Every structure is written in C-alpha cells, then in structure tokens.
Amino acid sequence: MESSAVFIGPFIHSERFERVTVVDDGIVIVKNGKVVLAEALRGRDAASLCSSLGVVAPAVVLRPGQLLLPGFVDAHLHAPQFPNAGLGYDKTLLDWLRTYTFPLEGRYSDAEFAAKVYDAVVRRCLSAGTTLACYFATIHTESSLQLARCAVRAGQRALIGKVNMNINSDTAYNESTQSSFDDTHSFVDGVQQLQSSLVQAVVTPRFALSCDMDLMKKLADLARSRNLHVQTHISENMGEIEAVRATYPQCANYAEVYDRAGLLTNKTILAHGVHLLEEELRLLAERGTAVAHCPASNTCLRSGLCDVRRLLEAGITVALGTDVSGGPTPCILDAIRATLDTSIHVSFSKKNYEPLNYQEVFYLATLGGAKALAMDDVVGNFQVGKEFDALLVSAPDPDLHFESLDSLQLLQKFLYCGSERNIKEVYVQGRPVKQAF
C-alpha cells in the first residue's frame with residue numbers, strides 16, 4: 282500500500298548534471314507514494330498546505346545536521362556473488378570468473394540457498410540506501426524469481442535479470458540455446474505474475490563471450506516484443522576485448538557485436554565501458570544506450586580507469602554501479618568516492634582535464650542513474666509527480682558543530698565521510714523500507 286508523508290527541513294536533489302539544487306527551508310509532501318509538493322516553505326503553515334493537498338500525515342521535522350536526499354540507484358550488481366565479496370582480487374576478470382564466480386553461481390540451483398542469500402542481499406542494499414537496483418541473478422529460473430520475490434517483499438525497486446550463457450563454459454554452469462531462451466520467457470512471465478509496480482524483468486545476456494549471436498538475437502527480439510530493459514557487459518578488460526574480437530571476427534568492435542544482435546536500445550545498460558573506442562562511443566550515443574560505471578571492480582580486478590567525462594562528452598548517459606562482487610561493497614557511497622578518485626587519477630595523465638566533482642557524481646548516483654535505466658520519469662529527484670524514493674541522512678561527526686555548516690557542506694560531509702550508519706531511513710514509494718542487517 283502506498284503512503285503519504287510530510288517532511289520539513291533541508292532537501293537536496295539534482296535537476297541537471299552540473300549543479301545540485303539546495304532548498305534549506307524545505308517542505309516535501311507525499312501523497313499516495315508520489316511527490317505533490319517540494320519547495321521552500323517560506324513561512325507558510327505546513328498544516329494548511331497539507332490540508333489543501335488532501336494529505337493527512339504527521340510531519341517529519343529534520344533535526345540539525347540532517348538532509349533529505351533522493352534514493353541511490355545501483356545500475357549494476359550481481360546478487361548471487363555477495364558471498365564472494367572481497368575474494369579473488371589477486372586475479373583479473375576472466376580468471377576470476379572461472380575460479381570464483383561461476384562455481385558460486387552454480388550453487389543457485391539450490392532454491393533454499395538462493396532464498397537465504399537473496400533475502401540478505403536485498404536487505405543489505407536497502408540499508409545502504411539503494412532504492413533502485415539493477416540486478417544480475419544466475420542462469421536458474423526459479424532462484425532468479427526468488428530474488429524478485431525478495432525485492433517485492435522488502436519493498437525495493439528493482440530490475441532483475443535471469444542470466445543467459447550458452448557458450449564458452451568449461452563447467453556445468455551453462456545452458457543450451459533453446460533452454461536459455463525458453464527459461465527467459467518463463468522468467469519474464471513469472472516476474473510479471475508478481476504484479477508489482479516496483480519489480481521488472483530485464484533481459485540479461487551475460488556478455489558476448491557467454492552468448493552466441495543466435496541467442497543474443499533471440500533475446501533482443503524478446504526484449505523488443507515485451508518492451509523490456511537489457512543489461513550486459515562491455516569493454517571491461519583488455520583480455521576480454523581480445524577474446525571477443527577472436528570470437529566475432531566479422532564485427533569491427535565489441536559494441537558492433539551487440540548492435541548486430543539488436544541489443545543496443547534506449548533501454549539497454551552496459552556495465553563498465555572502460556576501453557571503448559571512439560566509434561563505439563558514437564554508436565552507443567546514437568542508440569541511446571547507457572553505461573554503468575563500476576569504479577571499484579575496475580580497480581579490484583585491474584581492468585583499468587574509465588574516463589567518465591569522456592563518455593558524458595560523447596553524449597552517453599552514465600550511471601554508477603557497485604558491481605558486487607567485482608567490487609567489494611554494495612554501498613553507492615563507496616561508488617561515489619571511487620568515481621571521484623578515478624576521475625582525479627585520470628586527470629593526472631591528461632592536460633587541461635577537469636575531474637568530476639561531487640555534485641556531478643551525486644547526479645550520476647541519483648537522477649543520472651534513473652535516466653540510464655530509462656526511469657527518470659518515475660524517480661531520481663523530488664520533481665512533483667515522481668514517486669518518492671528518498672533517504673533521510675545525518676551527516677557524520679555530530680559533535681563537530683553543524684550549526685556552522687550549510688546544507689551543501691553537509692552533503693559534502695555525507696558523500697565523503699558518511700557510511701550506512703548515517704542513513705537513518707530509506708523510503709520507496711513513500712514507504713519506510715530500511716531494515717536492520
């Protein structure tokens with residue numbers, strides 16, 4: 282059931298990439314899960330405003346040092362890999378997949394094991410402030426549906442994909458082309474039967490080394506006929522790129538493989554994009570395809586430094602992803618800091634290069650993430666008419682005289698020094714959903 286709520290105090294959100302919007306004397310009114318007012322109070326009576334909008338709810342009055350922010354968007358993470366977080370970072374991508382990832386993902390044929398892990402995953406992500414997550418599951422239909430059920434029960438907004446893999450696996454963790462396609466159909470039907478306004482299916486060919494062209498074309502047709510999102514990986518690691526070139530010699534580059542399959546759409550999100558060529562950038566921009574920047578895993582698996590500003594200047598929409606377990610934590614705050622670090626590191630080797638700043642990266646973690654997932658008409662900021670996905674946060678170190686800090690400084694404190702402990706409540710569609718983990 283959707284809810285109504287009233288918040289009085291400072292709120293910050295992004296309306297454009299370059300700069301956040303700060304409203305110090307703010308009031309946000311939520312009716313049936315949607316924002317109906319978000320502006321400066323300017324001395325008006327809050328109760329009268331609520332009454333005029335037909336909202337009856339006790340007001341949450343923010344304390345000094347607190348802010349209301351949009352919920353975080355994690356545009357790329359692997360739910361089944363959470364037990365492996367922190368493991369295998371002595372290896373690079375392809376060895377890591379074979380040694381750690383595929384053996385673990387194979388265990389999700391056990392529905393009981395899957396239910397236990399996925400329940401913890403969703404609770405953990407919500408506690409970290411992720412109100413919208415784009416999850417990879419595994420090749421197993423039933424356990425992938427279990428992840429969807431966990432998200433529905435917990436009240437998290439999510440895109441969830443049953444993974445497709447029909448080539449290049451030297452283990453039992455693979456599928457035939459027909460079973461992969463048929464099971465994906467069943468998975469999509471199963472998610473839609475949950476009748477949740479929060480959880481959707483996403484078509485998920487793992488990457489070009491795990492799916493042949495025939496399967497990818499079938500999946501593209503499915504996505505098109507059912508109006509589904511698509512998620513996969515691209516240009517994460519140089520060894521991966523060379524292997525794709527050898528597997529698909531008829532294609533000029535990695536992006537062309539997906540384009541020939543019909544997978545590049547304005548509802549497609551590609552993880553990584555570290556080593557994209559100029560012609561690939563042009564192609565992705567033409568197709569309206571977005572990139573999920575995963576700075577932690579790019580570093581942990583020694584894949585490279587992604588120049589996010591280069592992607593943005595090419596006209597590509599960019600979101601942030603934690604990429605657990607390529608990355609060690611599911612906290613978008615960590616991804617924000619890693620993005621800032623990576624951009625500074627890129628600037629060391631480029632003249633006249635302006636690294637990303639915290640306001641720009643906050644956009645990527647909120648409205649930019651929603652836009653990358655083609656959901657910016659629904660969530661991403663506090664624009665009237667959007668659904669209220671939000672965080673109530675307290676900036677760190679409450680003993681350090683917050684009366685001397687303005688709201689923008691409190692945001693900086695939270696982004697650079699904060700942790701999940703500073704996220705006091707999480708809201709999705711106006712409902713409080715933060716759970717103890």
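Quick note, the numbering used here runs 281 ahead of the 1-based positions in the sequence shown. Yeah, the Cβ is synthetic: ideal placement off N, Cα and C, and Gly gets one too. Here the structure is a predicted model, which means the values were calculated and not measured.
Terminal residues of the continuous alpha helix (DSSP H) containing P351?
Here P351 belongs to no alpha helix (DSSP H); instead the beta strand (DSSP E) covers Q347 to P351.
The region 488-505 contacting the region 439-451, beta-carbon criterion three pairs below 8 angstroms
A contact exists between the region 488-505 and the region 439-451.
Look at L562 and L592 and say whether their C-beta atoms are less than 8 angstroms apart.
yes
Q690 CB to nearest heavy atom of the ligand PLP below 7 angstroms:
Absence of the ligand PLP from the depicted structure is noted, as is the absence of any ligand whatsoever, leaving it without description.
Helix, strand or coil for R325, going by three-state DSSP, please let me know.
DSSP, read as helix, strand or coil, puts R325 in coil.
Could you tell me if R507 is buried or exposed, where buried requires 16 or more neighbouring beta carbons within 10 angstroms of its beta carbon?
exposed
Report all residues from its chain with a CB closer than 7 angstroms to the CB of N449; omit the five preceding and five following residues, and keep chain order.
L490 and S491
Using a Cβ-Cβ cutoff of less than 6 angstroms, which residues in the same chain neighbour A366 once the five nearest sequence positions on both sides are dropped?
V605, S606 and P609, listed in sequence order.
Using beta carbons (cut-off 8 angstroms, strictly below), is T580 in contact with chain B?
Among the protein chains of the structure shown there is no chain B, as only one such chain exists.
Starting from C415 and walking both ways along the beta strand (DSSP E), at which residues does that stretch end?
T411 to F417
List the residues that DSSP assigns as beta-bridge partners of S295.
V301
On the CB-based measure, 16 or more other CB atoms within 10 Å of its CB, does N633 come out buried or exposed?
exposed
So, for P291: in the same chain, excluding its five sequence neighbours on each side, which residues have a beta-carbon less than 6 angstroms away from its beta-carbon?
Within the same chain, P291 has close Cβ partners D305, G307, L348 and S688.
Expressed to the nearest angstrom, what Euclidean distance is found between the alpha-carbon atoms of Q427 and S630?
46 angstroms
Return the chain-ordered list of same chain residues with a C-beta closer than 7 angstroms to the C-beta of E560, the five sequence neighbours on each side being excluded.
Same-chain partners within the cutoff: N534.
Does the Cβ of V714 have 16 or more other Cβ atoms within 10 Å, making it buried, or fewer, making it exposed?
It counts as buried.
On the CB-based measure, 16 or more other CB atoms within 10 Å of its CB, does E521 come out buried or exposed?
buried
Among R438, E386, L440 and N455, which residue has its Cα nearest to the Cα of S424?
E386
Same chain, Cβ closer than 6 angstroms to E706, neighbours up to 5 away in sequence not counted:
L673, P713 and K715
Just the C-alpha distance for S516 and F663, rounded to the nearest angstrom, thanks.
Distance between the alpha carbons of S516 and F663 is about 34 angstroms.
Where the alpha helix (DSSP H) through P576 begins and ends
P576 to C581
Please give the ranges of any alpha helix (DSSP H) in the region 332-386, keeping only runs that are unbroken, at least 4 residues long and fully inside the region.
374-377
Taking the alpha carbon of F669 as the reference point, which residue from S295, N703 and V309 has its own alpha carbon closest?
V309
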